[in-house]
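Line order of the protein sequences matches chains U and W.
Here UniProt numbering is used: position 74 in the first sequence is 74, and no number is missing along the way.
Here UniProt numbering is used: position 236 in the second sequence is 236, and no number is missing along the way.
The beta carbon of each residue, even a glycine, is placed where N, CA and C say it ideally should be.
Taking it in order: structure first as structure tokens, then the write-up.
2 protein chains.
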Amino acid sequence: MSNAWHEEMQAVAKSGGRVSDRDIADKVRHAVLMQRLPPGTKLPEITLGEVFGVSRSVVRKSLTRLASEHVIDQRPNQVARVRAPSVEETRETFDARRLVEGEIAAQLAGRLSPEALEALERQADLETEAFRGGDEPARIEHSLTLHHLLAEHSPNRVLGGMLTDLVLRTSIVVALYKRSGLASCYQEGQHGRLLRHLASGDAEAARGAIHDHLNGLEALLDLSPREARIDLMSILGHTPEQA
Amino acid sequence: MSNAWHEEMQAVAKSGGRVSDRDIADKVRHAVLMQRLPPGTKLPEITLGEVFGVSRSVVRKSLTRLASEHVIDQRPNQVARVRAPSVEETRETFDARRLVEGEIAAQLAGRLSPEALEALERQADLETEAFRGGDEPARIEHSLTLHHLLAEHSPNRVLGGMLTDLVLRTSIVVALYKRSGLASCYQEGQHGRLLRHLASGDAEAARGAIHDHLNGLEALLDLSPREARIDLMSILGHTPEQA
DNA sequence: TCTTCTTTTTTTGTATACAAAAAAAGGCCC
DNA sequence: GGGCCTTTTTTTGTATACAAAAAAAGAAGA
């Protein structure tokens, strides 16, 4: 294991107390989201267990969980690796999320309690603040929370669960394919516009706001010729961060 | 463990050779789908292991898998049980499936290869045959296969995966809430109509066919006052098939 | 007879040991 | 130097043992 990886994992491990499989999954997921564990990174059970101070049994459960969330790849008799979604899958993920989140926004329009709306607005404000302050990790967190709130408030819990999954998967591919020069994916006023339509109760306008928001986000990605590079990377087993 | 349950599981166990976690999950899922393991049924790890001839390690993995598919409920320190989706969740599942499968059908219209179309038609014919022959389990299998084929052929693999999940969940609630007098949920000519629109390339007609098909199916269910009964059952831990 | 508390049994959570498979390293020949 | 085979090491798959929690059974009292 390389030093960088090990140190990252040490930092990621819970300071004290017992850790559950959920804790480990949370930490690893977050590290992937924050691009501290790049695609292809190996996640051996023993190492993970040592870092978090638990045995393989617990680690195994968390890995299974992460695999079902499409965060890692888990093939029989092989070490789990951080997944590298292709550009094709990226487009498909956005497509699916437009459909699902658009529908949820439409269903939610005009049916949100004042408290829920206020909570959403608070998140939007926090995101803007973090952007103005140049704290991109915080901005991402706040943006994610906003969309997760949307999923939670969905009257249809099944659709809501699907959105939670899609928000995670989109975040991963955004982190992966963001144009290199780009400092932030913040889109001025977009969340505000969505919230206005949700409050006023215009379902189709809310759906449209979601579509525009996601189209804008997808447009900030570099989805051109990397395809081949990524595929070769995973096929040849070339891992960037460790031997 | 009651005799009925144990015998059912014996029957369900693979005849010979080693069994993987996937095998066990497949068998249990199928038994749930065929209503041979009613909601609330306990699935203790040791018993399952004994029946399939493997240790708890393997069983645990299969249970985790089934939980992520929403087939069973798995709470900390409690035995896994076959899930009993509420009527509310049933409606939400249908709603979600209408959205996703409708979109897939629309995207697929006019884009299916002749071979794919032929395979779909073969499944529809097999279903009709099984219905005419009065073999309901076989009819269900063929109907399921048809929708799974649709999911597989989806150009959007992410949406396809979501549909696979939703088809399973719908089947479970159909088995659970089917009106008691009803012999079959077969809907004359519906699959044929869908396939015609898929072949002719009329996207909105294909979407409409899916909507009608699912609405018709939902209408065959008894979604009235049981809500309370089911909830009490799971809350009070009253299990029908075993002590 | 019903309730409540205690004791026993069952069942899951976690760690660990050993076998099998895959990956890596080393040595060999060209 | 580069490719190929053998050996070693690493890593996962599975079974099992023991502790902790939950469920069930039993006993005592009203």
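Residue from U:SER62, U:VAL58 and U:PRO44 with nearest C-alpha to ARG29 (chain U): U:SER62
LEU149 (chain W) vs ALA199 (chain W) beta-carbon contact at 8 angstroms: no
Contacting residues, own chain, Cβ-Cβ under 6 angstroms from HIS213 (chain U) (five flanking each side not counted): GLN190
Cut-off 7 angstroms between Cβ atoms - residues of its own chain near VAL32 (chain W), not counting five sequence neighbours on either side: VAL71, VAL82 and ILE172
Beta carbon proximity, ASN156 (chain W) to chain U, threshold 8 angstroms: yes
Contacting positions in the region 83-101 of chain U - beta carbon closer than 7 angstroms to chain W: GLU89, GLU92, THR93, ASP95, ALA96 and LEU99
Exposed unless 16 or more other CB atoms sit within 10 angstroms - verdict on GLU204 (chain U): exposed
LEU48 (chain W) in three-state terms, based on DSSP: helix
Residues of the region 146-173 of chain U whose Cβ lies closer than 7 angstroms to any Cβ of chain W, in chain order: ASN156, ARG157, VAL158, LEU159 and MET162
Neighbour-count burial assignment, ARG98 (chain U), 16 or more Cβ in a 10 Å radius: buried
Whole alpha helix (DSSP H) elements within the region 132-157 of chain W, 4-residue minimum: 136-153
Exposed unless 16 or more other CB atoms sit within 10 angstroms - verdict on SER224 (chain U): exposed
VAL19 (chain U) at chain W interface by Cβ criterion, 8 angstroms: no
Inter-stretch contact at 8 angstroms, needing at least 3 Cβ pairs: the region 47-65 of chain W / the region 122-136 of chain W: no
Terminal residues of the alpha helix (DSSP H) in which ARG29 (chain U) lies: 21-33
For ASP73 (chain U), the residue or residues it bridges with in DSSP: U:ARG81
Exposed unless 16 or more other CB atoms sit within 10 angstroms - verdict on PRO85 (chain W): buried
CA nearest to the CA of CYS185 (chain U), picked from U:ALA138, U:LEU220, U:ALA106 and U:LEU159: U:LEU220
Boundaries (first-last residue) of the alpha helix (DSSP H) holding LYS61 (chain W): 56-68
Minimum Cβ-Cβ distance from GLU103 (chain U) to chain W less than 8 angstroms: yes
CB contact flag (ILE210 (chain U), GLU101 (chain U), <8 angstroms): yes
Any C-beta of chain U under 8 angstroms from that of LYS61 (chain W): yes
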